[in-house]
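Participant:
Number of protein chains: 2
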Amino acid sequence: MSSTSATKGARARAREEVTAAIKDEARRQLAAGGAAKLSLRAVARELGMVSSALYRYFPSRDDLLTALIIDAYDSLGAAAEAAHAGVATEEPVRRWMVVCEAVRSWALEHPHEYALIYGSPVPGYSAPDSTIRAAARVGQLLIDIVRDAHQGRGIALQPLPETLSAEGERLAAEFAPDLPPAAVTAMVAAWAQLFGLVGFEVFGQFNRLVEERSAFFAHAVRQLAHGVGLLRQS
Amino acid sequence: MSSTSATKGARARAREEVTAAIKDEARRQLAAGGAAKLSLRAVARELGMVSSALYRYFPSRDDLLTALIIDAYDSLGAAAEAAHAGVATEEPVRRWMVVCEAVRSWALEHPHEYALIYGSPVPGYSAPDSTIRAAARVGQLLIDIVRDAHQGRGIALQPLPETLSAEGERLAAEFAPDLPPAAVTAMVAAWAQLFGLVGFEVFGQFNRLVEERSAFFAHAVRQLAHGVGLLRQS
DNA sequence: GTCTATAACGAGATAGAC
DNA sequence: GTCTATCTCGTTATAGAC
Numbered sequence: 027m028s029s030t031s032a033t034k035g036a037r038a039r040a041r042e043e044v045t046a047a048i049k050d051e052a053r054r055q056l057a058a059g060g061a062a063k064l065s066l067r068a069v070a071r072e073l074g075m076v077s078s079a080l081y082r083y084f085p086s087r088d089d090l091l092t093a094l095i096i097d098a099y100d101s102l103g104a105a106a107e108a109a110h111a112g113v114a115t116e117e118p119v120r121r122w123m124v125v126c127e128a129v130r131s132w133a134l135e136h137p138h139e140y141a142l143i144y145g146s147p148v149p150g151y152s153a154p155d156s157t158i159r160a161a162a163r164v165g166q167l168l169i170d171i172v173r174d175a176h177q178g179r180g181i182a183l184q185p186l187p188e189t190l191s192a193e194g195e196r197l198a199a200e201f202a203p204d205l206p207p208a209a210v211t212a213m214v215a216a217w218a219q220l221f222g223l224v225g226f227e228v229f230g231q232f233n234r235l236v237e238e239r240s241a242f243f244a245h246a247v248r249q250l251a252h253g254v255g256l257l258r259q260s
Numbered sequence: 027m028s029s030t031s032a033t034k035g036a037r038a039r040a041r042e043e044v045t046a047a048i049k050d051e052a053r054r055q056l057a058a059g060g061a062a063k064l065s066l067r068a069v070a071r072e073l074g075m076v077s078s079a080l081y082r083y084f085p086s087r088d089d090l091l092t093a094l095i096i097d098a099y100d101s102l103g104a105a106a107e108a109a110h111a112g113v114a115t116e117e118p119v120r121r122w123m124v125v126c127e128a129v130r131s132w133a134l135e136h137p138h139e140y141a142l143i144y145g146s147p148v149p150g151y152s153a154p155d156s157t158i159r160a161a162a163r164v165g166q167l168l169i170d171i172v173r174d175a176h177q178g179r180g181i182a183l184q185p186l187p188e189t190l191s192a193e194g195e196r197l198a199a200e201f202a203p204d205l206p207p208a209a210v211t212a213m214v215a216a217w218a219q220l221f222g223l224v225g226f227e228v229f230g231q232f233n234r235l236v237e238e239r240s241a242f243f244a245h246a247v248r249q250l251a252h253g254v255g256l257l258r259q260s
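The following block contains the structure:
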């Protein structure tokens, strides 16, 4: 893509470094003032650049936001996948819990990035389709766990009500054609509930209420695992 | 408290009207730009007042935010309580579902106020203790339902792990001394999970994913009801 | 006593001329 | 790229109307 072969990576690497510096500074501002106050000018000022120079890296504030969002989803997804890969046992409930706990740990370590992807929408910003792939990583991982459990031994779940049968079949066809619709539907609900638990802790709703948060979370996600059919009496 | 008795309410009423107008305009700005951009000056300008006049009603911007937060919690709590009071049947699962659906409806009708109380924290703002009472209304209502179910017939729940026994007893002592610790603990988890479901829908996480949202939500909160011991095979 | 208006502060953002 | 003039912000002090 570049003219010479030997020095080809030099410019590209410089560009990557500046891009990374811009995103790092933007993340700092995210932590300081929230996504609503993210300003290209302030990022440029802090980096000793002039604002117009930033537009060579990000065409607009929204594009910078999109890059931060994709990075956050990918960082969370990578953390969850790494935790999953590090599990010794094959037992689905344990793997489910390890992934959930990885999500929680990542969120507690990156509260502002968590707020960016699972908190209030940023006013005036609408996420483009390019964020979908990264956003789906955790959900895909959870579905894989349920699938493995299903192939090992049958999953016992209440059938879906008629009002949800079409929805369940659509979801199953899209994400896990080899799973029963009730399992995929329960998975989507459990996915939302998992982030309810995580969000309440990260956003302070458990302050003065829940003290033993690790144990509380572990107990709750174990019940969640039962809800998606990963039954094994603990 | 005032000097004369007949005209006592006149000034007080005028004050209440101005206070309400300020909060209404503030809510409008909340919808437009998010809590981070709420500005006392802009509120005053839109109301034809001068900014310093607002300080007679709210000592600071944070106090205005606090008032909006308490109003939002109270509005949600009142909607949930009204729905609960309107339920004909005594069956706990139905009452649980009606309350959950009232929460969902309120959130969909007031997305910006929902974001204010259950979304990302407002940068630089820390909620004072005066918000706690209003914030607890929905949780209290759900606990009342579980308590009634428990008094009717025994609740069958898995016992808490040892790591949570102290926590469970503390929670039970604080919120429902007549309930087993496992039930109260499961209630707190279900409460967080309920807002996970609601938040995902309000904040757009279900876009392009879940279509039949009412049916999906109803199915999920019915499972939640089972999780807190309101068992009745549907 | 209760309210509103004027003016000002220090800090930060913004727009445009150069 | 740089500089400057002009905005907005939260907040306070002060003075006067009712």
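Protein sequence lines, in the order shown, are assigned to chains A and F. Following our numbering, the numbering of the first sequence begins with 27 at its first residue and continues without gaps. Following our numbering, the numbering of the second sequence begins with 27 at its first residue and continues without gaps. Note that the Cβ used here is the ideal one computed from N, Cα and C, for glycine as well.
#1: What residues from chain A crowd round F:Glu-238, counting only those whose CB sits closer than 7 Å?
#2: Straight-line CA distance for F:Ala-57 to A:Ala-208?
#3: Keeping to the same chain, check which residues put their C-beta closer than 8 Å to that of F:Leu-197; ignore five residues upstream and five downstream.
#4: Determine which residues of the region 65-99 of chain F have a Cβ less than 8 Å from any Cβ of chain A, and write them out in chain order.
#5: At what residues does the alpha helix (DSSP H) containing F:His-252 begin and finish?
#6: Tell me which same chain residues have a C-beta within less than 6 Å of the C-beta of A:Pro-147, skipping the five on either side of it?
#7: Using a Cβ-Cβ distance cut-off of 8 Å, determine whether A:His-245 contacts chain F.
#8: Relative to the C-alpha of A:Val-69, which residue among A:Gly-60, A:Ala-61, A:Ala-62 and A:Gln-55 is closest?
#9: Look up F:Gln-55 in the DSSP assignment and say whether it is helix, strand or coil.
#10: Short of 8 Å in beta carbon distance, which residues of its chain neighbour A:Ala-246, apart from the five on each side in sequence? Order them along the chain.
#11: Going by CA-CA distance only, name the one from A:Glu-127, A:Ala-46, A:Glu-193 and A:Ala-98 that's closest to A:Arg-239.
#12: Could you check whether the Cβ of A:Gln-249 sits closer than 8 Å to any Cβ belonging to chain F?
#13: Out of A:Pro-118, A:Asp-170 and A:Phe-221, state which residue places its alpha-carbon closest to the alpha-carbon of A:Leu-257.
#14: So F:Gly-225 and F:Tyr-151 are supposed to be a Cβ contact under 8 Å. How far apart are they, rounded?
#15: Would you report the Cα separation of A:Phe-229 and A:Gly-59, rounded to the nearest angstrom?
#16: Within 10 angstroms of the Cβ of F:Val-76, are there 16 or more other Cβ atoms? Answer buried if so, exposed if not.
#17: How far does the alpha helix (DSSP H) with A:Val-124 in it reach, from first residue to last?
#18: State the start and end residues of the unbroken alpha helix (DSSP H) segment that holds F:Glu-77.
#19: Looking at C-alpha atoms only, which residue of F:Ala-38, F:Arg-37, F:Arg-39 and F:Ala-98 is the closest neighbour of F:Ala-52?
#20: Which stretch, first to last residue, makes up the alpha helix (DSSP H) that contains F:Arg-67?
#21: Note the first and the last residue of the continuous alpha helix (DSSP H) segment covering F:Thr-211.
#22: Here's the rule: buried if 16 or more other CB atoms are within 10 angstroms of the residue's CB, otherwise exposed. What is A:Arg-179?
#23: With DSSP collapsed to three states, give me the class of F:Ile-181.
#24: Given F:Asp-50, which residues of its chain have a CB within under 7 Å of its CB, disregarding the five upstream and five downstream residues?
#25: So what does DSSP say about F:Ala-163, is it helix, strand or coil?
#26: Short of 7 Å Cβ to Cβ, which residues in the region 133-163 of chain A face chain F?
#27: Please decide whether A:Gln-177 counts as near chain F, where near means a Cβ-Cβ distance under 8 Å.
#28: Please report how far the alpha carbon of F:Tyr-140 lies from the alpha carbon of F:Thr-92, in whole angstroms.
#29: Check whether chain F comes within 8 Å of A:Gln-219, counting only Cβ atoms and requiring the distance to be less than that.
#30: Give the residues from the region 203-215 of chain A that approach chain F closer than 8 Å (Cβ to any Cβ), ordered along the chain.
#31: Rounded to whole angstroms, what is the Cα-Cα separation between F:His-136 and F:Leu-142?
#32: On the DSSP letters alone, give me the boundaries of the alpha helix (DSSP H) that F:Ser-191 sits inside.
#33: Hey, how far is the Cα of A:Asp-100 from the Cα of A:Leu-186?
#34: Classify F:Glu-200 as buried or exposed, calling it buried when 16 or more other Cβ atoms lie within 10 Å of its own Cβ.
#35: Would you call A:Leu-102 buried or exposed, if buried means 16 or more other Cβ atoms sit within 10 Å of its Cβ?
Facilitator: Checking against the coordinates, here is how it stands:
#1: Below the 7 Å Cβ cutoff, chain A contributes Thr-189, Leu-190 and Glu-193 as neighbours of F:Glu-238, in chain order.
#2: Approximately 37 Å between the Cα atoms of the pair.
#3: Cβ within range, chain order: Pro-207, Val-210, Thr-211 and Val-214.
#4: Going along the region 65-99 of chain F in chain order, one finds no residue with a Cβ nearer than 8 Å to chain A.
#5: It spans 239-253 - the alpha helix (DSSP H) in which F:His-252 sits, taken as one unbroken run.
#6: Listed in chain order, the non-local C-beta contacts of A:Pro-147 below 6 Å within the same chain number zero, local neighbours out to five positions each way being set aside.
#7: Contact with chain F is found for A:His-245, since one of that chain's Cβ atoms lies less than 8 Å from the residue's Cβ.
#8: Measuring from the Cα of A:Val-69, the nearest candidate turns out to be A:Gln-55.
#9: The answer is helix: DSSP assigns F:Gln-55 an H, G or I state.
#10: If you ignore the 5 residues before and after A:Ala-246, its C-beta comes within less than 8 Å of the C-beta of Leu-223, all in its own chain and listed in chain order.
#11: The shortest C-alpha separation from A:Arg-239 is found at A:Glu-127.
#12: So yes, A:Gln-249 belongs to the interface.
#13: The option with the nearest alpha carbon to A:Leu-257 is A:Pro-118.
#14: Between the beta-carbon of F:Gly-225 and that of F:Tyr-151 there is about 19 Å, and that puts the pair past the 8 Å contact cut.
#15: Rounded to whole angstroms, A:Phe-229 to A:Gly-59 spans 15 Å at the Cα level.
#16: Classification for F:Val-76: exposed.
#17: For A:Val-124, the enclosing alpha helix (DSSP H) has its first and last residue at 118-135.
#18: Residue 77 of chain F is actually Ser in this sequence, not Glu. Start and end: 77-80.
#19: Considering only alpha carbons, the answer is F:Ala-98.
#20: In the DSSP assignment, F:Arg-67 falls within the alpha helix (DSSP H) that extends over 66-73.
#21: Going by DSSP, F:Thr-211 is part of the alpha helix (DSSP H) stretching over 207-228.
#22: That one is exposed.
#23: If DSSP states are grouped into helix, strand and coil, F:Ile-181 belongs with coil.
#24: Spatial neighbours of F:Asp-50 in its own chain (CB-CB distance under 7 Å, excluding positions within 5 residues in sequence) are not present.
#25: Note on identity: in this sequence residue 163 of chain F is Arg, with Ala being the wrong assignment. It is helical.
#26: Of all residues in the region 133-163 of chain A, only Ala-141, Gly-145, Ser-146, Pro-147 and Pro-149 place a beta-carbon less than 7 Å from a beta-carbon of chain F.
#27: No - not a single Cβ of chain F is within 8 Å of the one on A:Gln-177.
#28: C-alpha separation (whole angstroms): 14 Å.
#29: With 8 Å as the cut-off, A:Gln-219 counts as an interface residue toward chain F.
#30: Flagged, chain order: Thr-211, Ala-212, Val-214 and Ala-215.
#31: One C-alpha to the other measures close to 10 Å.
#32: Residues 188-201.
#33: Going by the C-alpha atoms only, they are around 32 Å apart.
#34: If you draw a 10 Å sphere on the C-beta of F:Glu-200, you find fewer than 16 other C-beta atoms in it, and that means exposed.
#35: Buried: at least 16 other Cβ atoms inside 10 Å.
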